[in-house]
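Residue numbers (the UniProt record's numbering): 1 to 132. Note that beta-carbon positions come from the ideal geometry of N, C-alpha and C, so glycine has one too. This report refers to the structure that appears directly beneath it.
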């Protein structure tokens, strides 16, 4: 396989502009680009988009997400305090908080095998998870 070496004058620098597509008139002067007319857009606020704040679905999602965040923060605080009450230092009791995401990853990766291998139906698995 032969390699060809290019002449340095054939290689374009990345800073060089390619003006081959610019139209030139008879005096070899490029024509200015005229702005398009009649295509202006009117930006208005649609008050209909604020109807989402009056939607009951929005409030139910907001309530569930708020409670989930509150309970998660409460659990993290209680776990650190529980470790401190048992005589652990703050640095060691933080490992309890680090265990929660690890357990969540293991659960997310491992528990779906129960329904995928047909050990339980999805309905029974959801019922078991809610009961636990």
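To the nearest angstrom, how far is the alpha carbon of residue i from that of residue j?
| i | j | result |
| --- | --- | --- |
| residue 105 | residue 99 | 10 Å |
| residue 93 | residue 48 | 50 Å |
| residue 130 | residue 80 | 26 Å |
| residue 125 | residue 68 | 21 Å |
Measure from the alpha carbon of residue i to the alpha carbon of each residue in the options, then state which is nearest.
| i | options | result |
| --- | --- | --- |
| residue 114 | 91, 128, 103 and 102 | 128 |
| residue 83 | 72, 73 and 95 | 95 |
Give every residue of the same chain whose Cβ lies closer than 6 Å to the Cβ of residue i, excluding the five residues on either side of it in the sequence, and list them in chain order.
| i | result |
| --- | --- |
| residue 76 | 97 |
So residue i is in the alpha helix (DSSP H); what residue range does that whole segment cover?
| i | result |
| --- | --- |
| residue 67 | 56–85 |
So, helix, strand or coil for residue i, using DSSP?
| i | result |
| --- | --- |
| residue 89 | coil |
| residue 121 | coil |
| residue 45 | coil |
| residue 127 | helix |
| residue 132 | coil |
| residue 111 | coil |
Within a Cβ cutoff of 8 Å, which residues of the same chain sit near residue i, ignoring the five residues on either side of it in sequence?
| i | result |
| --- | --- |
| residue 91 | none |
| residue 52 | 58 |
| residue 46 | none |
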